[in-house]
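Enquirer:
Right, here's the structure in full:
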């Protein structure tokens, strides 16, 4: 059987290109697709990965054993309905319960912007999103899911966003862990990522913040609070468009604490749509939040704050400063857009975009610097308010990535989802500290990792007993050599006794004997020569059973020695030595010994 | 970059900042890979018009990127995005003869040959596409196309590429051969001119040897190549060696590879009938094998009278679990595709095919267990295999529209109902079962209306509605949703049918559907709204059922 098993990782999407994630892993003959993300920078077919690279002929359903989605962000799941309903993948898709619940909300939002607002065609429909979600098998944390008889997967907590998970993929004794996006430090509403010491052959980890260190998160938060504070102080209004289930909770808790500490009086509001939706899902998936939230949730809901209150439409026209959290996060419709329209004309106000915006949305336009927007009905809206972009997405930093490697103890590490230069730095650090190979494939590149799998072999009880009785007593610490016949059948290996193997295979046994003639100069009678040989061997081979048989032959274990006189020269005796191939070692030793001749005896 | 695809020729003159930008990047000792990659793409796009090409050349900007001073030897060439940018840039530029000559004379073509084996799949395949594009551009520029293999008839650039293809095909390395096969596949797909056949004559023997000798592992690429050729007018009319080669491939490829080729052949409009029959035989062989393994001696024959390749190959694939599932799923998906063709070019033995499908579905649910040695192995391999179940149900659905299938309608409903009733049926399989059942119920309705009315119709309706009631209450939202979709599709197709209306209204189904309007899952609520809308056709708008004892 092959000595080398390998797994390949190729990345139609991810791999040194922050855009979309889509990684293909082949492990012990099984093909798994990790994430099925969309590139947010394109607005044509190029936004989806080109799946024709996976298999040129043949269906994807036949090629792939399953698809795993790590979390609900569109750069990780945005191409899923396209893949399953338009490209035609019909196999199983796995994600966690919260991801399965929240994913369709984002996909539907995105579809609305693209099709209903921008009028694009050739895009997935609502029905397709639903049909796709119906193919999804939801998994629990730490639940081992058997995809088929050989392939199993298991989800671990990843932090990052509600429901985000890392996945272990295991076939036989080979395994891969894929992290998706994760966060190794607990934040205000989610816990830290955790994986057990599973020693995978390969750890595929994101490296978005490969060179950043933890303090930068504090800096960003301080920056955010400073900006909000300054605006409020000068009497301006702050609008923070958010996705209900993204980082909204985190920012609310951040502001609440700050307001408390600074004893600020300006009102903070959040739109009601946000709280209802978010509370529904956080209640449903309370086990996925951190311990503190879990405890307080028993007493009050996620949005019961001292300083933050529910927003009413009429409040937007109130004079004086205020801060409002409103959905949707990309300013493409609804309450956040309404408020934006009212406040945009005043330079004292500020809008802070805490997340990514899809092309074509008002959010994307103002972030790319547009100051004059054409609204519905050809109205021109002049944007005088300050526009700020601050990313609060929770990714592991270099320290966190190292920490995860220490936890999982992988044999190889593969970095995806980061910039090449930053990854190079991290790669060197990993190789130095952990002495493991670290790879960073380019987009479209295949990495092959060689593994040394231990292959389990069943041994028959009979053979085990027989082998342990021979030779010295078994020592548990030392490996023991077993002799038997290795049978391979239906992908399993068994070590059985040769007799049993013959029986099972219906074969007859052939005995193979080696013979060798040794000439000895000895004028004495044959039986005397035999006796001399017998005595000689008996003297040398003290640990072996040497016998002189009544028919005049000698045996040493299974080796037979007979003596005849040479037909032409009576002074020369011919010793015929014969042994089975199992005793080849002893047989060769004996012939070599006899070839040296007999000692000058006194017998 | 998309913006620069605008064909305005004055672009460079009107925007001198563009040339300034390119010059400044060229002057940088070590630009960042992403910036360099962008600039390579941009320069290529700009050089796509002949006029702009000359302008850029005058400014000596092209040589620095695509000529001898290109970035090949710099450390940045190690970065895949730079190589990818270079190939894409060259491809954009390659719209006219001056660009072609400048690249070929400057040695750029060797770089492209090397990039065919690039570690990045995207770069490698872009390089291959670029070579095809250059070959076509080179040959098509000549007013008289080459009609023979004589070197003098071919342009120099085309000759270089053809020589490269021929040399790689002779190589001992599978990777070299694979690159050339992929290149040829793209070529025959993109170009249908007569000269492609002239090129083919020089390599046909070599390709055939890959099939018969199997010394290098490249057979998996042959089906795509042959299919692209079969679509090309340059080959499909040919009296020559092309169709015998296809026949040879059907015989020599593995069943999985041959299946892909066979399906492609059956989609062709122009193809010799004997090749088609052979292709159908290849497709049906696995199911034939199962039917034979399942049947008692002489009970009923298999699907086929004779086979194309050795049946033992198929049998051995069916005896191992993973290859059995793989082969069956592939066969079934091809059959589904075949059944959805508007015009079937061959006669399909529908009734035996249907029997084999019912058998496969039964095997998947664990009954009956087959006695023959192969049969019992197949039973073990298929039990509870949802992948095969889904594929088989898809084919079963398409078969409902074929004539010649009505005799087995009883066993079809037996197996469908057993799937619907089985609590272990997973939601995805259940959805497909509902879809197939819906189609077969329509079929049943057609049969009932004809003279030879089938006696068990009523019982079937009763069972279907019973199981529907149960499934509408499933704790799993996917199941409730599929049940509602099933109901909607039934009403759409059969709302004028008295028997259906009567059974539906006398069941609990309408009440249950109404309850689902308040389902916690929004997808289910939406489906319930649709279903209730369609139900209204029956409950409110349909002609009243005749009431016993007229009151007027």
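Protein chains in written order, with UniProt numbering: chain W, 1 to 603; chain Y, 1 to 552.
Ideal Cβ placement from N, Cα and C applies to all residues, glycine included.
It should be emphasised that the depicted structure is a prediction, and the values quoted were computed from it without experimental measurement.
With residue 550 (chain W) as the anchor, note down where its beta strand (DSSP E) starts and where it stops.
Expert: Within the first chain, residue 550 (chain W) is the residue found at index 550, counting from 1. Taken as a continuous stretch (DSSP letters only), residue 550 (chain W) belongs to no beta strand (DSSP E), as it is neither H nor E.
Enquirer: Please list the segments of the alpha helix (DSSP H) lying wholly inside the segment 87–148 of chain W, counting only runs of 4 or more residues, in order along the chain.
Expert: Whole alpha helix (DSSP H) segments, 4+ residues: 97–111 and 126–134.
Enquirer: Starting from residue 136 (chain Y), trace the alpha helix (DSSP H) in both directions and tell me its first and last residue.
Expert: Here the question's residue 136 (chain Y) lines up with position 136 in the second chain. Where residue 136 (chain Y) is concerned, the enclosing alpha helix (DSSP H) stretches over 121–140.
Enquirer: Which term fits residue 509 (chain W), buried or exposed, when burial requires 16 or more other beta carbons within 10 angstroms of its beta carbon?
Expert: In the first chain, the residue the question calls residue 509 (chain W) occupies position 509. Label assigned to residue 509 (chain W): exposed.
Enquirer: Please decide whether residue 428 (chain Y) counts as near chain W, where near means a Cβ-Cβ distance under 8 angstroms.
Expert: Here residue 428 (chain Y) corresponds to residue number 428 of the second chain, with the count starting at 1. So yes, residue 428 (chain Y) belongs to the interface.
Enquirer: Along chain W, which residues have their Cβ under 9 angstroms away from the Cβ of residue 329 (chain Y)?
Expert: The residue labelled residue 329 (chain Y) in the question sits at position 329 within the second chain. Within chain W, the residues near residue 329 (chain Y) are 59, 61 and 62.
Enquirer: Which residues, taken in chain order from the segment 413–447 of chain W, show a beta carbon closer than 7 angstroms to some beta carbon of chain Y?
Expert: Cβ contacts with chain Y come from 420, 442, 443, 444, 445 and 446.
Enquirer: Going along the chain, which residues of its own chain have a beta-carbon closer than 6 angstroms to the beta-carbon of residue 178 (chain W), five neighbours each way excluded?
Expert: As a first step, residue 178 (chain W) is located in the first chain; it is residue number 178 there, counting from the start. The answer, listed in chain order, is 34, 167 and 204.
Enquirer: From the DSSP output, which residues share a beta bridge with residue 270 (chain W)?
Expert: Looking up residue 270 (chain W) in the first chain gives position 270. Bridge partners of residue 270 (chain W): W:310 and W:325.
Enquirer: Count the other CB atoms, across all protein chains shown, that sit within 10 Å of the CB of residue 44 (chain W); report buried if there are 16 or more and exposed otherwise.
Expert: As a first step, residue 44 (chain W) must be located in the first chain, where it is residue number 44. When all chains shown are included, residue 44 (chain W) counts as exposed.
Enquirer: Can at least three beta-carbon pairs, one atom from the segment 386–401 of chain W and one from the segment 350–357 of chain W, be found at a separation below 8 angstroms?
Expert: The segment 386–401 of chain W vs the segment 350–357 of chain W: in contact.
Enquirer: In whole angstroms, give me the CA-to-CA distance for residue 480 (chain Y) and residue 474 (chain Y).
Expert: Start at 1 with the first residue of the second chain, and residue 480 (chain Y) comes out as number 480. Start at 1 with the first residue of the second chain, and residue 474 (chain Y) comes out as number 474. Answer to the nearest angstrom: the Cα atoms are 6 angstroms apart.
Enquirer: Whose CA, out of W:589, W:343 and W:84, lies closest to the CA of residue 556 (chain W)?
Expert: Numbered from its first residue, the first chain carries residue 556 (chain W) at position 556. Answer by Cα proximity: W:589.
Enquirer: Output yes if chain W places a C-beta closer than 8 angstroms to the C-beta of residue 1 (chain Y); else output no.
Expert: Looking up residue 1 (chain Y) in the second chain gives position 1. No, because no Cβ of chain W sits closer than 8 angstroms to the Cβ of residue 1 (chain Y).
Enquirer: Using beta carbons (cut-off 8 angstroms, strictly below), is residue 534 (chain W) in contact with chain Y?
Expert: Translated into the one-based positions of the first chain, residue 534 (chain W) becomes position 534. So, not an interface residue.
Enquirer: Please classify residue 455 (chain W) as buried or exposed, where buried requires at least 16 other C-beta atoms within 10 Å of its C-beta.
Expert: Position 455 of the first chain, counting from 1, holds the residue named residue 455 (chain W). Burial call: exposed.
Enquirer: Tell me where the beta strand (DSSP E) around residue 175 (chain W) begins and ends.
Expert: Your numbering for residue 175 (chain W) matches position 175 in the first chain. Per DSSP, residue 175 (chain W) belongs to the beta strand (DSSP E) from 174–178.
Enquirer: Let me check understanding here. Comparing Cα to Cα, which of Y:228, Y:99 and Y:535 lies closest to residue 502 (chain Y)?
Expert: Position 502 of the second chain, counted from the start, is the residue given in the question as residue 502 (chain Y). Ranking the options by Cα distance to residue 502 (chain Y), first place goes to Y:535.
Enquirer: Am I right that residue 494 (chain Y) and residue 527 (chain Y) are in contact with their C-beta atoms under 8 angstroms? What's the rounded C-beta distance?
Expert: Here residue 494 (chain Y) refers to the residue found at position 494 of the second chain. Here residue 527 (chain Y) refers to the residue found at position 527 of the second chain. That belief does not hold up - the Cβ atoms of residue 494 (chain Y) and residue 527 (chain Y) are roughly 18 angstroms apart, past 8 angstroms.
Enquirer: Alpha carbon to alpha carbon, how far is residue 311 (chain W) from residue 242 (chain W)?
Expert: What you label residue 311 (chain W) is simply residue 311 of the first chain in a count that begins at 1. What you label residue 242 (chain W) is simply residue 242 of the first chain in a count that begins at 1. Computed Cα separation, rounded: 14 angstroms.
Enquirer: Note down the Cα distance separating residue 185 (chain W) from residue 422 (chain W), rounded to an integer number of angstroms.
Expert: Position 185 of the first chain, counted from the start, is the residue given in the question as residue 185 (chain W). Position 422 of the first chain, counted from the start, is the residue given in the question as residue 422 (chain W). Answer to the nearest angstrom: the Cα atoms are 21 angstroms apart.
Enquirer: Between residue 282 (chain W) and chain Y, is the shortest Cβ-Cβ distance under 8 angstroms, so that the two count as touching?
Expert: In the first chain, counting from the first residue as 1, residue 282 (chain W) sits at position 282. It does not: the Cβ of residue 282 (chain W) has no partner Cβ on chain Y nearer than 8 angstroms.
Enquirer: In the DSSP assignment, the alpha helix (DSSP H) including residue 33 (chain W) goes from what residue to what residue?
Expert: On the first chain, residue 33 (chain W) is found 33 positions in, with the first residue counted as 1. No alpha helix (DSSP H) holds residue 33 (chain W); the beta strand (DSSP E) holding it covers 30–34.
Enquirer: Whole angstroms are fine: how far does the CA of residue 413 (chain W) sit from the CA of residue 429 (chain W)?
Expert: On the first chain, residue 429 (chain W) is found 429 positions in, with the first residue counted as 1. On the first chain, residue 413 (chain W) is found 413 positions in, with the first residue counted as 1. So the two alpha carbons sit approximately 12 angstroms from each other.
Enquirer: State buried or exposed for residue 195 (chain Y), treating a residue as buried only when at least 16 other CB atoms are found within 10 Å of its CB.
Expert: Counted from its first residue, the second chain places residue 195 (chain Y) at position 195. Residue 195 (chain Y) is buried by the Cβ-count criterion.
Enquirer: Tell me, which residues are paired with residue 386 (chain W) by DSSP?
Expert: Against the first chain, residue 386 (chain W) aligns to sequence position 386. The partner list for residue 386 (chain W) (beta bridge, DSSP) reads W:350.
Enquirer: Along the alpha helix (DSSP H) that carries residue 566 (chain W), what are the first and last residues, could you check?
Expert: One-based indexing of the first chain puts residue 566 (chain W) at position 566. Segment: none, residue 566 (chain W) is in no alpha helix (DSSP H) and carries neither H nor E.
Enquirer: Let's see if you can read the secondary structure: which residues bound the alpha helix (DSSP H) around residue 36 (chain Y)?
Expert: Here residue 36 (chain Y) corresponds to residue number 36 of the second chain, with the count starting at 1. Taken as a continuous stretch (DSSP letters only), the alpha helix (DSSP H) holding residue 36 (chain Y) covers 33–46.
Enquirer: Please list the segments of the alpha helix (DSSP H) lying wholly inside the segment 434–516 of chain Y, counting only runs of 4 or more residues, in order along the chain.
Expert: Those alpha helix (DSSP H) runs which fall completely within the segment 434–516 of chain Y and span 4+ residues are 457–472, 477–494, 498–505 and 509–515.
Enquirer: Report yes if the C-beta distance between residue 323 (chain W) and residue 240 (chain W) is below 8 angstroms; otherwise report no.
Expert: Looking up residue 323 (chain W) in the first chain gives position 323. Looking up residue 240 (chain W) in the first chain gives position 240. Their beta carbons are under 8 angstroms apart, which means residue 323 (chain W) touches residue 240 (chain W) by this criterion.
Enquirer: Give the residues from the segment 397–419 of chain Y that approach chain W closer than 8 angstroms (Cβ to any Cβ), ordered along the chain.
Expert: Those would be none; no residue qualifies.
Enquirer: Which residues, in chain order, does the segment 67–101 of chain W contribute to contact with chain Y at a C-beta distance below 8 angstroms?
Expert: The residues in question are 90, 91 and 92.
Enquirer: Between the segment 368–387 of chain Y and the segment 317–335 of chain Y, do three or more beta carbon pairs fall short of 8 angstroms?
Expert: Yes: at least three Cβ pairs fall under 8 angstroms.
Enquirer: Do residue 325 (chain W) and residue 271 (chain W) have their C-beta atoms closer together than 8 angstroms?
Expert: The residue given as residue 325 (chain W) occupies position 325 in the first chain. The residue given as residue 271 (chain W) occupies position 271 in the first chain. Their beta carbons are under 8 angstroms apart, which means residue 325 (chain W) touches residue 271 (chain W) by this criterion.
Enquirer: With a cut-off of 8 angstroms on the beta carbons, I'd call residue 223 (chain Y) and residue 181 (chain Y) a contact; round off their distance for me.
Expert: Taking the second chain and counting its residues from 1, the one referred to as residue 223 (chain Y) is at position 223. Taking the second chain and counting its residues from 1, the one referred to as residue 181 (chain Y) is at position 181. Not a contact, Cβ separation roughly 11 angstroms.
Enquirer: Answer with yes or no whether the minimum CB distance from residue 534 (chain Y) to chain W is below 8 angstroms.
Expert: The residue given as residue 534 (chain Y) occupies position 534 in the second chain. With 8 angstroms as the cut-off, residue 534 (chain Y) does not count as an interface residue toward chain W.
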